[in-house]
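Novice:
In this note's numbering, the protein residues as written are 67 to 301.
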């Protein structure tokens, strides 16, 4: 089974609402070092936490991070952005491309950069943060980017499993963070949710479904498309 004991963890988007508990919970689960990666790293009050400058959309920054952190055994692709509109028609081309750069190309290219370190390590783990939007198109480009990442995670799992790297994809509805501040409806508490992810990975889970909404949406994927999107009946 995967283990975080004596691991070296890298968390992208470490300054955010999910990133911070990912950093601290890694230590609670036995990590000996955590690289807290962000475009503008913050200071931490624990010498086991190493701030790391990283822009997942910048190839030079990604390469520099891989060189600065060659001992990584756990990579958590947590960084992500959303957009002000769910419309693929009205969104600007710049915002369209920016979302895909951060939410899809960033995690995939970062994984490629750290793949040699993960493959060389024992009990290596890759965790990709998706969303219920991976399976429901309500979010426009956000949904499209998360669906693409979900597919990539499945491909990476098949490629990395024979090389000893455990790959887990995480899907959930809203989490009580700044990104979801304007969203209506129930929200997961960030710290308990992150704890559940670490526990699931340690139990060997390939997929984490964070809430009832996510479980119900996944269960409905085999239904006709008009069942998943009842608004089509009135279009």
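Note that CB positions come from ideal geometry on N, CA and C, so glycine has one too.
Could you pull the start and end residues of the alpha helix (DSSP H) that residue 208 belongs to?
Specialist: Within the chain shown, the letter at position 142 stands for residue 208. Here the alpha helix (DSSP H) through residue 208 covers 207–226.
Novice: Taking C-alpha atoms, which residue in 75, 127, 218, 116 lies nearest to residue 96?
Specialist: The sequence position of residue 96 within the chain shown is 30, counting from 1. The shortest C-alpha to C-alpha distance from residue 96 to any of 75, 127, 218, 116 is the one to 75.
Novice: Do residue 144 and residue 294 have their C-beta atoms closer together than 8 Å?
Specialist: Here residue 144 is taken as the residue at index 78 of the chain shown, counted from 1. Here residue 294 is taken as the residue at index 228 of the chain shown, counted from 1. Result no, Cβ atoms of residue 144 and residue 294 do not sit closer than 8 Å.
Novice: Between residue 172 and the rest of its own chain, which residues show a CB-CB distance below 7 Å, the 5 nearest in sequence each way excluded?
Specialist: In the chain shown, the residue the question calls residue 172 occupies position 106. Here the set comprises 122, 123, 145.
Novice: May I have a chain-ordered list of the beta strand (DSSP E) segments no shorter than 3 residues that lie completely inside the stretch 149–193?
Specialist: Runs found: none.
Novice: Using alpha carbons as the reference points, say which of 161, 270, 291, 176 lies closest to residue 227.
Specialist: Sequence index remark: in the chain shown, residue 227 carries index 161 (1-based). Looking at the Cα atoms, 270 is the closest of the given residues.
Novice: Where residue 149 and residue 161 are concerned, what is the direct C-alpha to C-alpha distance, given to the nearest angstrom?
Specialist: Here the question's residue 149 lines up with position 83 in the chain shown. Here the question's residue 161 lines up with position 95 in the chain shown. The alpha-carbon atoms of residue 149 and residue 161 are separated by roughly 7 Å.
Novice: Does DSSP classify residue 296 as helix, strand or coil?
Specialist: Residue mapping note: residue 296 aligns to position 230 of the chain shown, counting from 1. Here residue 296 sits in helix by DSSP.
Novice: Kindly indicate the opening and closing residues of the alpha helix (DSSP H) around residue 104.
Specialist: The residue given as residue 104 occupies position 38 in the chain shown. Unbroken run through residue 104 is the beta strand (DSSP E), 99–104; no alpha helix (DSSP H).
Novice: Do you know how far the Cα of residue 262 is from the Cα of residue 215?
Specialist: Against the chain shown, residue 215 aligns to sequence position 149. Against the chain shown, residue 262 aligns to sequence position 196. The straight-line gap from Cα to Cα measures roughly 21 Å.
Novice: Using DSSP bridges, identify the partner residues of residue 273.
Specialist: In the chain shown, the residue the question calls residue 273 occupies position 207. Looking at the DSSP assignment, residue 273 forms a beta bridge with 235.
Novice: Can you list, in chain order, the stretches of the alpha helix (DSSP H) that have 4 or more residues and sit fully within the stretch 75–136?
Specialist: 85–94, 125–134
Novice: Under three-state DSSP, which class holds residue 138?
Specialist: To locate residue 138, count along the chain shown from 1; it is residue 72. It is coil, neither helix nor strand.
Novice: According to DSSP, simplified to helix, strand and coil, what is residue 263?
Specialist: Indexing the chain shown from 1 puts residue 263 at position 197. Secondary structure of residue 263 (DSSP, three-state): helix.
Novice: At which residues does the alpha helix (DSSP H) containing residue 283 begin and terminate?
Specialist: The residue given as residue 283 occupies position 217 in the chain shown. Its alpha helix (DSSP H) spans residues 278–285.
Novice: Which one or two residues does DSSP pair with residue 241 in a beta bridge?
Specialist: On the chain shown, residue 241 is found 175 positions in, with the first residue counted as 1. Partner(s): 254.
Novice: Taking a contact to mean a Cβ-Cβ separation below 8 Å, would you say residue 194 touches residue 235 in this structure?
Specialist: Taking the chain shown and counting its residues from 1, one reaches residue 194 at position 128. Taking the chain shown and counting its residues from 1, one reaches residue 235 at position 169. A contact, by the Cβ cut-off of 8 Å.
Novice: Can you grab the Cα-Cα spacing for the pair residue 117 / residue 78, in whole Å?
Specialist: Numbered from its first residue, the chain shown carries residue 117 at position 51. Numbered from its first residue, the chain shown carries residue 78 at position 12. C-alpha separation (whole angstroms): 11 Å.
Novice: Please list, in chain order, all residues of the same chain as residue 237 whose beta carbon is under 8 Å from its beta carbon, the five residues on each side excluded.
Specialist: For the purposes of this step, residue 237 is taken as residue 171 along the chain shown, with counting starting at 1. Correct list, in chain order: 196, 197, 198, 200, 201, 216, 273, 274, 275, 276, 280, 284.
Novice: Compare the C-alpha of residue 73 against each of 287, 291, 210, 192 and name the closest.
Specialist: Taking the first residue of the chain shown as 1, we reach residue 73 at position 7. The candidate whose alpha carbon is nearest that of residue 73 is 192.
Novice: So, is residue 286 buried or exposed, given that buried needs 16 or more other C-beta atoms within 10 angstroms?
Specialist: Position 220 of the chain shown, counted from the start, is the residue given in the question as residue 286. When all chains shown are included, residue 286 counts as exposed.
Novice: Distance check for residue 89 and residue 208, CA to CA, integer angstroms please.
Specialist: To locate residue 208, count along the chain shown from 1; it is residue 142. To locate residue 89, count along the chain shown from 1; it is residue 23. The alpha-carbon atoms of residue 208 and residue 89 are separated by roughly 24 Å.
Novice: How would you label residue 154, buried or exposed, when you count the other beta carbons within 10 angstroms and need 16 or more for buried?
Specialist: The residue you call residue 154 lines up with position 88 of the chain shown. By the 10 Å Cβ count, residue 154 comes out exposed.
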